[in-house]
DNA sequence: TTAGGGTTAG
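Numbering (our numbering), first residue to last: 743 to 1417.
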């Protein structure tokens, strides 16, 4: 039986869910053109357009649209929206230039769409010139267009103009009111938003949801919950907004409860929200577990899912899992935009694979300041100060304007490479040349730079003369410098400030105690210990992680629960016998490590990083690089021990500690013992 | 018209 033309086209259209190549698309096009029923149907043609667009053949869509005898505004609107969604700027500009020609095919809805999208370009001038053109072309300035304009101004950060448009609207529909609520919500003007919301005679789902978001943005999740509970028209957006609100407020339990409750109604965004929420609350392992659940339920992850996951991997130092995700991105052909690209760069930097990070960086078509900053910070963390400066120079050549984070990265890079005078000049230039006022983090960077290099007096002067009140980070940095350079006079001075500012941070007591120990002031060491006990302060236990076959093994010092513990302990004994043959002497300056869990007289005599390294040596083939991530800074003793381990066992060991990377190879470390 | 993503000094 021969199918009728109509059903033939419909059969072809039903194939839209499977990938088509250009030839097949053209075939489909021909079918549609010969089929009088379908060509006038506004339900099938949009499908076709969408599909050909998603197949990355936008030109073909455009060609198709031109070939239609009567393309109506609806189709153009779809076309424009698709073009903007996939950020095909050139098509967008084509459209702009041909606007007069398209005059009869567009409506105010079209302009409304365009105006909103201009905001995503960040182009105020573009939006305003569009606006001028619309008026010039004699389009009716109706509620649809006005709402678009309102939203445009809100998106580019001009609340005044948005309010002006709203005030001048002769009649407002729900959509216009909702847009104004969203605008006020964006600027945190909750009172006005609430006033408008209460006065609205007609409210829809979006109105309620906008109000929920408004409270969530301000961190007032309890008020948001009240609106949520009262809303008679809850949809998945309401749930997602509420879950996100709880996550951002750090209330994971509440978020999880809602997440469980909408089990059947979840969409990709619900999952993404929960995953991002765990990352936000630094529950990286849980984020990864939720992703696995998501996969088990057969949901397709998006670019947003990947960004959160990569961030989790970066924090955990989980390179293998990160590599798997990168492959997944390639396999599923996810679009690597600036955000996803940056997440990859950050992952590779934080996992010690600088080459991979640079590959991603150089392979990106579009880069923004985040990407440049991540690379600069990454190079700095690995001790490549000169290279970080080179990247900065290139960035300037490409006319990318540096921001505050760039200078944090640069100062940090100089600090880790001992480039004192270069750092000094960046610090003075950031204000005079680049117009960026130094923040406390820049002073912190500078204090660290001077302190590490041994310019303690200069560092102290800077702290005393800085325009803002120094915080615990600044004093802490100075204290560590005093410890490293055994300058007790400045050290003791710094300590008072520090314990006053941050009496709950156990790490500070440890450093103070170590400082006293280096002066042989044992009664003061005892005093520190007593102070910690009296104040109930605990030192964060040292914890090192190593990844093996996609599983992250964590070792906390003093914890004997790992199934391989007896073997690891035996292996550590072997190392202890082996190392002295290479003139290794244990460094006893870190005495206070004995006072808490870490170095108690338990079966474990070593710091967590050494257990992790031993575990890595035992469980990986010769020649494989061992990668360890530690939550605290490594101590002198472990540092010199691991240097020797790299020589004796002929292994490259890459260790990330709290603030930088150490590449151990042939008995040497990339930090040149300067950290 | 409403919901989800990236870089930052000890």
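Just so it is clear, CB atoms sit at the ideal spot from N, CA and C, and this is done for glycine as well. Since this is a predicted model, take the numbers as computed values, not measurements.
Between 911, 1414, 924 and 1099, which lies nearest to residue 1194 when the distance is taken from Cα to Cα? Within the first chain, the letter at position 452 stands for residue 1194. The residue with the shortest Cα to Cα distance from residue 1194 is 1414.
If you draw a straight line from the C-alpha of residue 1009 to the C-alpha of residue 1275, how long is it? Translated into positions along the first chain, residue 1009 becomes position 267. Translated into positions along the first chain, residue 1275 becomes position 533. The straight-line gap from Cα to Cα measures roughly 49 Å.
Taking only three categories from DSSP, how would you classify residue 1161? In the first chain, the residue the question calls residue 1161 occupies position 419. DSSP places residue 1161 outside both helix and strand once states are collapsed to three, so it counts as coil.
Within 10 angstroms of its Cβ, does residue 1095 collect 16 or more other Cβ (buried), or is it exposed? To locate residue 1095, count along the first chain from 1; it is residue 353. Residue 1095 is buried by the Cβ-count criterion.
For residue 1395, which three-state DSSP category applies? Residue mapping note: residue 1395 aligns to position 653 of the first chain, counting from 1. Residue 1395: strand per DSSP, three-state reduction.
In angstroms with no decimal places, state the Cα-to-Cα distance between residue 855 and residue 1066. If you number the first chain from 1, residue 855 lands on position 113. If you number the first chain from 1, residue 1066 lands on position 324. Going by the C-alpha atoms only, they are around 38 Å apart.
Under 8 Å, do residue 1142 and residue 1085 count as touching if we go by C-beta distance? In the first chain, residue 1142 corresponds to position 400, counting from 1. In the first chain, residue 1085 corresponds to position 343, counting from 1. In this structure, residue 1142 sits away from residue 1085, with a CB-CB distance that is not shorter than 8 Å.
Span separating the alpha-carbon of residue 1341 from that of residue 1350: Translated into positions along the first chain, residue 1341 becomes position 599. Translated into positions along the first chain, residue 1350 becomes position 608. Confidence at residue 1341 is low in this model, with a pLDDT of 42, below 50, so the placement of that residue is unreliable and no value is reported for it.
C-alpha distance - residue 1114 paired with residue 1401, whole-angstrom precision: Position 372 of the first chain holds residue 1114. Position 659 of the first chain holds residue 1401. Between the alpha carbons of residue 1114 and residue 1401 lies a gap of roughly 19 Å.
Nearest-angstrom Cα separation, counted from residue 1056 out to residue 1088: The residue labelled residue 1088 in the question sits at position 346 within the first chain. The residue labelled residue 1056 in the question sits at position 314 within the first chain. Roughly 7 Å between the two C-alpha positions.
What residue range is occupied by the uninterrupted alpha helix (DSSP H) comprising residue 1214? On the first chain, position 472 is the one that residue 1214 refers to. It spans 1214-1226 - the alpha helix (DSSP H) in which residue 1214 sits, taken as one unbroken run.
Neighbourhood of residue 1407 by C-beta, 6 Å cutoff - its chain only, sequence neighbours within 5 removed: The sequence position of residue 1407 within the first chain is 665, counting from 1. Taken in chain order, the residues that qualify are 1388 and 1394.
Which term fits residue 977, buried or exposed, when burial requires 16 or more other beta carbons within 10 angstroms of its beta carbon? Reading the first chain from its first residue, position 235 is the one you call residue 977. Taking every protein chain shown into account, the CB of residue 977 has fewer than 16 other CB atoms within 10 angstroms, so this residue is exposed.
State the beta-bridge partners of residue 1404 as determined by DSSP. Counting from one through the first chain, the residue named residue 1404 turns up at place 662. Residue 1404 is bridged to 1397.
Can the beta-carbon of residue 1098 be found closer than 8 Å to that of residue 1117? The residue labelled residue 1098 in the question sits at position 356 within the first chain. The residue labelled residue 1117 in the question sits at position 375 within the first chain. Cβ distance not < 8 Å, so residue 1098 and residue 1117 don't count as in contact.
Identify whether residue 902 lies in helix, strand or coil by the three-state DSSP scheme. For the purposes of this step, residue 902 is taken as residue 160 along the first chain, with counting starting at 1. In the three-state DSSP reduction, residue 902 falls in the helix class (H, G or I).
Should the segment 885-900 be regarded as contacting the segment 910-920, the criterion being three or more beta carbon pairs within less than 8 Å? Segments in contact, yes.
Below 6 Å CB to CB, which residues in the same chain sit around residue 1297 once its five sequence neighbours on both sides are set aside? Walking along the first chain from the start, residue 1297 turns up at place 555. Cβ neighbours of residue 1297 beyond the five flanking positions: 1286, 1350, 1353 and 1354.
Considering only the alpha carbon of each residue, which of 1023, 1397, 1237 and 1254 lies closest to residue 1289? Start at 1 with the first residue of the first chain, and residue 1289 comes out as number 547. The shortest C-alpha separation from residue 1289 is found at 1397.
Tell me whether residue 1377 sits in a helix, a strand or coil according to DSSP, three-state version. One-based indexing of the first chain puts residue 1377 at position 635. Three-state DSSP puts residue 1377 in coil, outside helix and strand.
Which listed residue (1278, 1251 and 1068) has its alpha carbon closest to that of residue 1266: Walking along the first chain from the start, residue 1266 turns up at place 524. Here the closest residue by C-alpha is 1251.
CB of residue 985 within 8 Å of CB of residue 1007, strictly: For the purposes of this step, residue 985 is taken as the residue at position 243 of the first chain. For the purposes of this step, residue 1007 is taken as the residue at position 265 of the first chain. Not a contact, by the Cβ cut-off of 8 Å.
Would you mind giving the Cβ-Cβ distance between residue 1399 and residue 1366, rounded to the nearest angstrom? I have them listed as a contact below 8 Å. What you label residue 1399 is simply residue 657 of the first chain in a count that begins at 1. What you label residue 1366 is simply residue 624 of the first chain in a count that begins at 1. Rounded, the Cβ-Cβ distance is 21 Å, inconsistent with contact.
How should residue 1293 be labelled, buried or exposed, when 16 other C-beta atoms within 10 angstroms of its C-beta is the threshold for buried? Taking the first chain and counting its residues from 1, one reaches residue 1293 at position 551. Counting every other CB atom within 10 Å of its CB across the protein chains shown gives residue 1293 a total below 16, marking it as exposed.
Start-end ranges of the alpha helix (DSSP H) lying completely within the segment 1049-1086, minimum 4 residues: Counting whole runs of 4 or more residues, the segment 1049-1086 contains the alpha helix (DSSP H) stretches 1061-1073.
Can you say whether residue 1386 is buried or exposed, counting buried as having 16 or more other CB atoms within 10 angstroms of its CB? Counted from its first residue, the first chain places residue 1386 at position 644. Buried.
Taking the C-alpha atoms as reference points, what is the distance between residue 966 and residue 955? In the first chain, counting from the first residue as 1, residue 966 sits at position 224. In the first chain, counting from the first residue as 1, residue 955 sits at position 213. Approximately 7 Å, taken between the alpha carbons.
In angstroms, rounded to a whole number, what distance separates the CA positions of residue 1134 and residue 950? One-based indexing of the first chain puts residue 1134 at position 392. One-based indexing of the first chain puts residue 950 at position 208. One Cα belongs to residue 1134, the other to residue 950, and the distance between them is close to 47 Å.
Could you give the distance in angstroms between the alpha-carbon of residue 897 and the alpha-carbon of residue 1076? As a first step, residue 897 is located in the first chain; it is residue number 155 there, counting from the start. As a first step, residue 1076 is located in the first chain; it is residue number 334 there, counting from the start. Going from the Cα of residue 897 to the Cα of residue 1076 covers about 27 Å.
Under the rule that 16 or more other beta-carbon atoms within 10 Å means buried, what is residue 1319, buried or exposed? Reading the first chain from its first residue, position 577 is the one you call residue 1319. With fewer than 16 Cβ atoms within 10 Å of its Cβ, residue 1319 is classed as exposed.
Cα-Cα, which of 1013, 1058, 1322 and 1190 is closest to residue 1041? Position 299 of the first chain, counting from 1, holds the residue named residue 1041. The shortest Cα separation from residue 1041 among 1013, 1058, 1322 and 1190 belongs to 1013.
Between residue 1307 and residue 1356, is the Cβ-Cβ spacing less than 8 Å? Numbered from 1 along the first chain, position 565 holds the residue referred to as residue 1307. Numbered from 1 along the first chain, position 614 holds the residue referred to as residue 1356. The answer is no: Cβ separation not under 8 Å.
Rounding to the nearest angstrom, what Cα-Cα distance links residue 988 and residue 1390 in this structure? One-based indexing of the first chain puts residue 988 at position 246. One-based indexing of the first chain puts residue 1390 at position 648. Those two C-alpha atoms are separated by around 51 Å.
Rounded to whole angstroms, what's the CA-CA distance from residue 1412 to residue 1123? Just pull it up for me. One-based indexing of the first chain puts residue 1412 at position 670. One-based indexing of the first chain puts residue 1123 at position 381. Linking residue 1412 to residue 1123 through their CA atoms gives a straight-line distance of about 11 Å.
Taking DSSP's pairing of strands, which residues face residue 1295 in a bridge? Against the first chain, residue 1295 aligns to sequence position 553. Under DSSP, residue 1295 takes part in a beta bridge, and its partners are 1288.
Backbone CA spacing between residue 946 and residue 906 [nearest angstrom]: Locating residue 946 in the first chain gives position 204, counting from the first residue. Locating residue 906 in the first chain gives position 164, counting from the first residue. Distance from the CA of residue 946 to the CA of residue 906, rounded to the nearest whole angstrom, comes to 24 Å.
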